[in-house]
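**Student:** I have a structure here, written as structure tokens, and I will follow up with some questions on it.
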Ligand code: NDP
């Protein structure tokens, strides 16, 4: 029996009536993610203390701000050439916004549910072994489906066959409906997150559940670390298959929309679509590595993750392509090739850095890195259930240049993808600006997490590798 579960008859924590394991198995399968009656208890009622700033001010203001941003960005891109300032100055009255405001719709829900259902089917039914993720703070090992590459091939193959090859489906329509899709996802994220909070409190999928003294904090941060629904890891479905796979396909749809309008796909659009699709192919090649990343291994499944993946990815991550559909960048071939090669090099370095760390750990440090034996710190730590574990902290190769060197090529790629949008539309640079802030913040959060986890071993690593992201600068 998994350490995350407890025996039905064990007396250590008496079960209240209505315990998750008392409900019929189909309900358990849907909500807990397993038909077995060996399911975790509800969170034990111990609540993390949060003050008014973290518990109320931050989550409430961030939710209001983000919901508004997702409405305003499509208005700015479609009506004001990407200028947020003009959204403010060119509309004389509040009523003037009403005809511009993208609204959620049944069609938008159709896109969301159709896409999510399709990806869930692929994730469940395509062949692939189960992949057991790293041990969680509560000592649980989450299980994922290792069939990302197959899902990528089927999804992109269907796009190619049904779209450009046979013209059975006009995928360019996604561009016309895009503002509506964002508005629908924006609104849907709120009740879905509320559902996840309720599920975490009543039907948790593992013991990695945390509740605080503020329901707003719980809404924003989430309750469960690894929720499962209908036997599938929700984080894998949401982060990888719905969001990242969606990002790739949306770009191909944008390229198709440009073709429908102009009769050709510009070199700039073709380059960005090619690099982005390749980047996401790399993502699925490395999908199991992503399960050790901070999004999956550390962040709980609350509004931050749900809204971020359902709404912010199509809003901010697609803006440069959204704008470029109507503004083709007709670069000459030489420029296109040079920029493409720079983009591919950045992609390679980012992949190689991620892979280096994973490869060294998989081989217990007994491999060469850049022609020399890997240099590692053997870091010990204790999980919250008291069990002892150890990890390797690599300090040679990319991981000896700086502690988050892989963010440098990640940011370089963001610049390359946005170049075709030029400087006409400042909002096209939203992805780069956001990513820059996200990665600086993420490096700090990751440092905090690793410091708490590894203590003196992390301090030693910091001494050996003093730069955080850009060597000799930061
Ligand atoms: P990382 O891949 O940097 O993972 C961080 C974890 O790696 C740490 O928590 C720690 O986990 C482990 N680790 C840290 N230092 C070392 C070391 N020296 N040796 C071995 N392991 C170490 O996480 P990210 O999620 O930030 O990045 C993953 C990928 O996703 C990157 O390629 C990044 O560029 C990309 N990314 C893309 C974003 C986008 O929106 N486009 C956003 C964020 C990331 P442990 O507890 O296992 O020790």
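Residue numbers (the numbering used here): 1064 to 1537.
Glycine included, every Cβ here is placed at the ideal spot set by N, Cα and C.
Being a predicted model, the structure only gives us computed values, none of them experimental.
1) Could you check whether the segment 1469-1483 touches the segment 1232-1247, counting it as contact only if at least three pairs of C-beta atoms, one from each stretch, sit closer than 8 Å?
2) Going by CA-CA distance only, name the one from 1367, 1385, 1183 that's closest to residue 1485.
3) Just list the alpha helix (DSSP H) runs in the segment 1428-1494, keeping only unbroken ones of 4 residues or longer that don't cross its boundaries, in chain order.
4) Going by Cα to Cα distance, which pick from 1519, 1413, 1470 is closest to residue 1443?
5) From the DSSP output, in three-state form, read off residue 1513 for me.
6) Just to confirm the assignment, what range does the alpha helix (DSSP H) spanning residue 1281 have?
7) On the three-state DSSP scale, how would you describe residue 1076?
8) Using the C-alpha atoms, what's the distance from residue 1497 back to residue 1475?
9) Taking the alpha-carbon positions, what's the residue 1537 to residue 1465 distance?
10) For the beta strand (DSSP E) containing residue 1193, name the first residue and the last one.
11) Measure from the alpha carbon of residue 1298 to the alpha carbon of each residue in 1191, 1190, 1357, then state which is nearest.
12) To the nearest angstrom, how far is it from the Cα of residue 1539 to the Cα of residue 1373?
13) Using three-state DSSP, classify residue 1402 as helix, strand or coil.
14) In three-state DSSP terms, what is residue 1364?
15) Can you list, in chain order, the residues of its chain with a C-beta nearer than 7 Å to that of residue 1344? Leave out the 5 residues immediately preceding and following it.
16) List, from N- to C-terminal side, the beta strand (DSSP E) runs of 3 residues or more that fit wholly inside the segment 1181-1230.
17) At the level of alpha carbons, what is the spacing between residue 1457 and residue 1426?
18) Buried or exposed for residue 1529, please, with buried defined as at least 16 other CB atoms from any protein chain shown within 10 angstroms of its CB.
19) Round the Cβ separation of residue 1243 and residue 1268 to the nearest angstrom and send it over; I've been treating them as touching at under 8 Å.
20) Determine the burial state of residue 1330: buried for a count of at least 16 other Cβ atoms within 10 Å of its Cβ, exposed for fewer.
21) Would you decide whether residue 1310 is buried or exposed? Buried here means 16 or more other CB atoms lie within 10 Å of its CB.
22) Just the Cα atoms here: how many angstroms apart are residue 1023 and residue 1138?
23) Can you tell me where the alpha helix (DSSP H) with residue 1325 in it begins and where it stops?
24) DSSP puts residue 1272 in a beta bridge; with which residues?
25) Just checking residue 1467 against the ligand NDP - is the residue's beta carbon closer than 7 Å to any of the ligand's heavy atoms?
26) For residue 1145, which residues from the same chain have a beta carbon less than 8 Å from its beta carbon, with the 5 sequence-adjacent residues on both sides left out?
27) Counting beta carbon pairs with one atom in the segment 1250-1257 and one in the segment 1401-1409, are three or more of them shorter than 8 Å?
28) Just verifying my parser: in three-state terms, what is the DSSP assignment at residue 1387?
29) With a CB to CB cut of under 6 Å and the five nearest residues on each side skipped, what residues in its chain are close to residue 1159?
30) So is residue 1459 buried or exposed if we call it buried at 16+ other beta carbons inside 10 Å?
31) Output the distance between the C-alpha atoms of residue 1177 and residue 1225, rounded to the nearest integer angstrom.
32) Could you give the distance in angstroms between the alpha-carbon of residue 1143 and the alpha-carbon of residue 1150?
33) For residue 1112, does the three-state DSSP call read helix, strand or coil?
34) What is the rounded straight-line gap between the Cα of residue 1196 and the Cα of residue 1206?
35) Using 8 Å as the cut-off, can you tell me whether the segment 1276-1287 makes contact with the segment 1362-1369, which would need three or more C-beta pairs spanning the two stretches below that distance?
36) Tell me the DSSP secondary structure of residue 1064 in three-state form.
**Tutor:** The answer reads as follows:
1) Using a Cβ-Cβ distance cut-off of 8 Å, the segment 1469-1483 and the segment 1232-1247 are not in contact, since fewer than three pairs of beta carbons, one from each stretch, lie closer than that value.
2) 1385
3) 1461-1464, 1470-1481
4) 1519
5) helix
6) 1278-1284
7) Confidence is the limiting factor: at residue 1076 the pLDDT is only 38, short of 50, which leaves the residue's position unreliable, though a coordinate-based value still follows. DSSP places residue 1076 in coil when its eight states are reduced to three.
8) 13 Å
9) Whole-angstrom Cα-Cα distance: 9 Å.
10) Counted as a single uninterrupted DSSP element, the beta strand (DSSP E) harbouring residue 1193 occupies residues 1192-1195.
11) 1357
12) Since the first and last residues shown for the chain are 1064 and 1537, residue 1539 lies out of range.
13) helix
14) Residue 1364: coil per DSSP, three-state reduction.
15) 1215
16) 1192-1195, 1206-1209
17) 12 Å
18) exposed
19) Rounded, the Cβ-Cβ distance is 33 Å, inconsistent with contact.
20) buried
21) Counting Cβ neighbours within 10 Å, residue 1310 comes out buried, since at least 16 surround it.
22) Nothing about residue 1023 can be read from this structure; the chain reaches only from 1064 to 1537.
23) 1308-1325
24) Per DSSP, 1287.
25) yes
26) The beta carbon of residue 1145 sits closer than 8 Å to the beta carbons of 1139, 1382, 1386, 1487, 1488, 1489, 1490, 1491 from its chain, once the five residues preceding and following it are set aside; these are given in chain order.
27) no
28) The DSSP-derived three-state label of residue 1387 is helix.
29) none
30) buried
31) Those two C-alpha atoms are separated by around 16 Å.
32) Separation of residue 1143 and residue 1150 (C-alpha to C-alpha, rounded to the nearest whole angstrom) is 7 Å.
33) coil
34) 6 Å
35) yes
36) For residue 1064, the pLDDT reaches just 37, beneath the cut-off of 50, and the residue's location in the model is therefore unreliable, leaving the point undetermined.
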